[in-house]
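Presented below is the structure to which this report refers.
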Amino acid sequence: MEYQSKVSTPNLVAVHADPEILILDENMSAGDTNFREKSLNKMQEFFRQGKTIIIVSHWLDYIKQNCERVVLLRKGNIQKEGNAGVIDRHFHP
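Every letter in the sequence shown is one number past the one before it in the working numbering, and letter 1, counting from 1, is 242.
In structure tokens, the structure reads:
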């Protein structure tokens, strides 16, 4: 199975199961542009439905634009938490 299929198959299963809470761990770091675009569209659909998505990511621009609540971790410890503005205040005090 090629890498793209290994990455996208679990994501497809998860979103088509229609969960109330979806946990995504660095899902945007894998796959090609087409895969990322489809993933973003599906996450937007979840947001519109009012579902909860827990995203583990280093993609800060996406987090700032789409997340209501942010928790910044460093070595497993909470550094900051709050709204998406926490990201800017943490990196640009």
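All C-beta atoms in this analysis are idealised placements derived from N, C-alpha and C, irrespective of residue type, glycine included.
| Asked | Found |
| --- | --- |
| Sub-8 Å separation of valine 297 and aspartate 266 beta-carbons | yes |
| For alanine 325, the three-state DSSP class (helix, strand or coil) | coil |
| 8 Å contact criterion, which leucine 313 and lysine 321 should meet: CB distance rounded | 4 Å |
| Separation of tryptophan 300 from valine 327, as counted between CA atoms | 14 Å |
| Asparagine 318 versus serine 280 - alpha carbon distance | 28 Å |
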